[in-house]
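Step one of this worksheet: look at the structure below.
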Amino acid sequence: MPPNTPPDPTADLDPEALARFGRLELLAKLVVEGVVSGLHRSPFKGFSVEFAEHRPYGPGDEIRHIDWRAFGKTDRYYVREYEEETNLKAYLVLDTSGSMAFAGRTIAKLEQARRLAASLAYLMIRQRDAVGLVTFDGEVRSMIPARSAPGHFSVLCRAMEQATPGGEAPLHRVLHALAERIRRRGLIVIFSDGLDDLDALCQSLRHLRHRHHEVLFFQILAPEEESFDFAGPVRFQDLEVSGRAMRVDPSSLRRTYLERFQTHCRLLRERLLGMRADYQYAPTSEPPERILLDYLARRTGRAHGLPRS
């Protein structure tokens with residue numbers, strides 16, 4: 001194993017348990033148990049089994065929903081919001097294009113995306129939120145409707161495990177199509193390297209926001225993409241177009257490449273935050289539980305009035 005490769009948390013698991021549940025399912029459950037233990041509050045309003053929160057009584061609210069205990073304590077009318085009012089509906093959008101197959105010193109980008117997506121799916125479904133899945137490369141390969149039944153988690157994991165990388169991925173076209181297809185407002189979680197035309201990609205993200213969807217973008221990147229620390233000459237193989245390859249001297253390209261790559265990633269993050277969407281850096285060198293805990297802790301902090309980072 002390369003020295004910088006994250007340890008596999010399922011390596012020592014019971015083989016019978018792995019056979020019964022599936023590797024991705026067990027890994028996701030392990031990740032979530034670690035994440036939940038590090039959080040003190042639910043990060044999503046929809047992540048509630050029963051009672052969510054109070055809100056002031058207003059026009060259109062039914063009297064039967066008034067919390068009379070709260071009235072007795074505060075002399076003000078409050079309505080209790082419950083799970084059915086705040087239930088979250090989410091779609092996980094998994095990029096399975098050829099570039100996601102890249103694996104250098106760490107696991108492949110697609111594998112990191114799978115682990116993060118499965119962990120979020122498990123976290124949401126265990127708290128009775130509905131989760132769907134979209135996989136795509138050159139086109140949408142699968143679209144599983146959002147459901148919250150416990151057995152649905154296994155369905156999602158099997159679909160993610162069966163997804164194989166290949167082809168070019170016009171992410172912006174897929175997101176435009178989703179914005180038109182998914183009518184009910186919800187959470188769209190994208191797992192991709194984000195290496196698409198920046199203007200076109202941001203336009204599709206704005207389309208989702210215009211439809212009142214909440215957007216969360218996990219940018220999956222490998223260390224080699226960020227450092228370009230190849231020693232040449234090197235033959236680069238195009239992972240999205242078969243037969244396309246180029247032999248180059250990396251040292252002659254490193255400065256220009258890093259400037260363009262860093263600018264692309266910086267602008268993607270800035271534009272997402274500018275449209276009040278969320279961005280999470282998700283390198284393959286970091287374990288998924290650390291990435292999720294970082295994001296969920298920040299989200300929980302924002303929900304309780306802390307500054308947005």
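Residue numbering for the sequence shown follows the numbering used here, beginning at 1 and increasing consecutively. Each residue gets a CB set at the ideal place from its N, CA and C atoms; glycine is no exception.
Report task. Under 7 Å Cβ to Cβ from Val155, same chain only, skipping five residues before and after it: list those, please. Result -> Within the sequence shown, the letter at position 155 stands for residue 155. Excluding residues within five positions, the ones whose Cβ falls inside 7 Å are Ile144.
Query raised in the report: What is the DSSP secondary structure of Arg299, reduced to helix, strand or coil?
Result: In the sequence shown, residue 299 corresponds to position 299, counting from 1. Of the three classes helix, strand and coil, the one that applies to Arg299 here is helix, per DSSP.
Query raised in the report: To the nearest angstrom, how far is it from the Cα of Phe191 to the Cα of Ile107?
Result: Taking the sequence shown and counting its residues from 1, one reaches residue 191 at position 191. Taking the sequence shown and counting its residues from 1, one reaches residue 107 at position 107. Phe191 and Ile107: Cα-Cα distance of roughly 15 Å.
**Report entry** Delimiting residues of the alpha helix (DSSP H) encompassing Ala103
**Finding:** Working through the sequence shown from its first residue, we reach residue 103 at position 103. Taken as a continuous stretch (DSSP letters only), Ala103 belongs to no alpha helix (DSSP H), as it is neither H nor E.
Query raised in the report: Going by C-alpha distance, which of Pro223, Val79, His212, Val35 is nearest Leu178?
Result: Translated into the one-based positions of the sequence shown, residue 178 becomes position 178. Comparing Cα-Cα distances from Leu178 to each of Pro223, Val79, His212, Val35, the minimum goes to His212.
Query raised in the report: Which residues in the same chain as Leu110 place their Cβ atom closer than 7 Å to its Cβ, once the five residues preceding and following it in sequence are excluded?
Result: Start at 1 with the first residue of the sequence shown, and residue 110 comes out as number 110. Correct list, in chain order: Thr96, Met100, Ala101, Pro165.
Report task. List the residues that DSSP assigns as beta-bridge partners of Lys89. Result -> Locating residue 89 in the sequence shown gives position 89, where the first residue counts as 1. Looking at the DSSP assignment, Lys89 forms a beta bridge with Ala130.
Query raised in the report: Which stretch, first to last residue, makes up the beta strand (DSSP E) that contains Leu187?
Result: For this step, residue 187 is matched to residue 187 along the sequence shown. 187-192 is the extent of the beta strand (DSSP E) around Leu187.
Requested in this report: Can you tell me which of the three DSSP states Asp199 falls into?
Outcome: Translated into positions along the sequence shown, residue 199 becomes position 199. Note: Asp199 maps to helix in three-state DSSP.
Query - Nearest-angstrom beta carbon gap, Leu258 and Gln219 [assumed within contact, 8 Å] - result: The residue you call residue 219 lines up with position 219 of the sequence shown. The residue you call residue 258 lines up with position 258 of the sequence shown. Actually they do not touch by this definition, with Cβ atoms about 16 Å apart.
Query raised in the report: Would a C-beta distance cut-off of 8 Å place Gly186 and Ala277 closer than the cut-off?
Result: As a first step, residue 186 must be located in the sequence shown, where it is residue number 186. As a first step, residue 277 must be located in the sequence shown, where it is residue number 277. Contact: no.
**Report entry** Local Cβ density within 10 Å of Thr284, reported as buried at 16 or more and exposed below that
**Finding:** By 1-based counting over the sequence shown, the position of residue 284 is 284. Flag for Thr284 reads buried.
Query raised in the report: Excluding five sequence neighbours on each side, which residues of the same chain lie with their C-beta closer than 6 Å to the C-beta of Leu216?
Result: On the sequence shown, residue 216 is found 216 positions in, with the first residue counted as 1. The answer, listed in chain order, is Val189, Asp278.
Report task. Going by CA-CA distance only, name the one from Ala117, Val248, Asp229 that's closest to Gln237. Result -> Walking along the sequence shown from the start, residue 237 turns up at place 237. Considering only alpha carbons, the answer is Val248.
**Report entry** Met246 burial status per 10 Å Cβ neighbour count (16 or more: buried)
**Finding:** Here residue 246 refers to the residue found at position 246 of the sequence shown. That one is exposed.
Report task. Express the C-alpha separation of Glu286 and His264 in angstroms, rounding to a whole number. Result -> Within the sequence shown, residue 264 is the residue found at index 264, counting from 1. Within the sequence shown, residue 286 is the residue found at index 286, counting from 1. Going by the C-alpha atoms only, they are around 21 Å apart.
Query raised in the report: For Phe71, which residues of its own chain have a beta-carbon under 8 Å away from its beta-carbon, when the five flanking residues on both sides are left out?
Result: Along the sequence shown, read from residue 1 onward, the residue named residue 71 stands at position 71. Hits under 8 Å: Tyr77, Tyr78.
Query - Straight-line gap, Asp129 to Ser204 (C-alpha atoms, nearest Å) - result: Position 129 of the sequence shown, counting from 1, holds the residue named residue 129. Position 204 of the sequence shown, counting from 1, holds the residue named residue 204. Going from the Cα of Asp129 to the Cα of Ser204 covers about 25 Å.
Requested in this report: Could you pull out every residue in the same chain whose Cβ sits closer than 8 Å to the Cβ of Asp197, ignoring the five residues on either side in sequence?
Outcome: The count along the sequence shown starts at 1 and reaches residue 197 at position 197. Same-chain partners within the cutoff: His172.
Query - Assigned exposure category for Gln112 - 16 Cβ within 10 Å defines buried - result: Counting from one through the sequence shown, the residue named residue 112 turns up at place 112. Its Cβ being crowded by 16 or more others within 10 Å, Gln112 is buried.
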